[in-house]
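In terms of our numbering, the sequence shown has 253 at position 42, counting the first letter as 1, and numbering is strictly consecutive.
In this text, a Cβ means the ideal position worked out from N, Cα and C, and glycines have one as well.
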Amino acid sequence: MTDPPLSPAVAWLEEVYAAAVAANAEDPLRDDRDHAQAHRLAEAARADTTGRIYHPTKNGDDQ
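Shown next, in the form of structure tokens:
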């Protein structure tokens, strides 16, 4: 079974991204940015999505 063809937008993004990576192959900060992005994604997966905001009081109780 084969995958369906990519939409034109996705195909264009893959082409543009590949060109950007090739143009910046010597970018010394690429690994740092990739690591930071991975960290943000990992943190987002554990994010509290209950909508409750934590406001500690002076004695440490949650408001």
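inquiry  = So for E254, helix, strand or coil by DSSP?
reply    = Position 43 of the sequence shown, counting from 1, holds the residue named residue 254. E254 falls in the helix class under three-state DSSP.
key: Cα-Cα separation between A222 and K269, rounded to whole angstroms   = If you number the sequence shown from 1, residue 222 lands on position 11. If you number the sequence shown from 1, residue 269 lands on position 58. Whole-angstrom Cα-Cα distance: 54 Å.
task = Mind reading off the beta-carbon distance from N235 to R241? Whole number of angstroms is fine, and I expect it under 8 Å.
result = Sequence index remark: in the sequence shown, residue 235 carries index 24 (1-based). Sequence index remark: in the sequence shown, residue 241 carries index 30 (1-based). At roughly 7 Å, the Cβ-Cβ gap stays under 8 Å, so N235 and R241 are in contact.
request  = Specify the secondary structure class of E237 as computed by DSSP and reduced to three states.
outcome  = For the purposes of this step, residue 237 is identified with residue 26 of the sequence shown, where counting begins at 1. Residue state, collapsed to three classes: coil.
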